[in-house]
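Some notes on the structure that comes next.
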Amino acid sequence: MMNMMSQRFSPEVRERAVRMVGEHRADYGSEWAAMTSIASKIGCTAETLRRWCRDEARRREGPAGQAGDERVRLRELEREVRELRRANEILRKASAYFAMAELDRRGK
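UniProt numbering numbers the first residue of the sequence shown as 1 and each following residue consecutively.
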């Protein structure tokens, strides 16, 4: 169905509809209300127009949108590093404890 809609509306019509949503958003109670009204005027569904708007927003974000994903990944990696450092500290202390216990055992 998406292919039918893509073929039915030219890129110019899609771009104009997306631009109209941005320009007339303040005239409506919500972005969805603006999309519903504009979509009915051009002959597509509000969901189709919402998808066009979302795709345009992603296109405009470009690398900045990916930066958000990278920030999430960076936070995950930093959390993993903290956990690994804690585990290493525990293992280091356990190793020292058992080394001392072995020395005590040999001394007796």
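We put the CB at the ideal spot given by N, CA and C, even for glycine.
Member of the options whose CA lies at the smallest distance from the CA of residue i
i, options, result
"Val18", "Arg8, Leu77, Glu56 and Gly68", "Glu56"
"Gly43", "Val13, Trp32 and Arg71", "Val13"
Which of helix, strand or coil DSSP assigns to residue i
i, result
"Met5", "Reliability fails at Met5, whose pLDDT of 47 lies under 50, so the model's placement of it is uncertain and the value that follows must be treated cautiously. Met5 falls in the helix class under three-state DSSP."
Counted within 10 angstroms of its Cβ, other Cβ atoms place residue i as buried (16 or more) or exposed
i, result
"Ile90", "exposed"
"Lys93", "exposed"
"Ala101", "exposed"
"Ala34", "buried"
"Phe9", "buried"
| Touch check for the stretch 18-28 and the stretch 40-54: three-plus C-beta pairs under 8 Å? | Here the stretch 18-28 makes contact with the stretch 40-54; the two share three or more CB pairs at distances below 8 Å.
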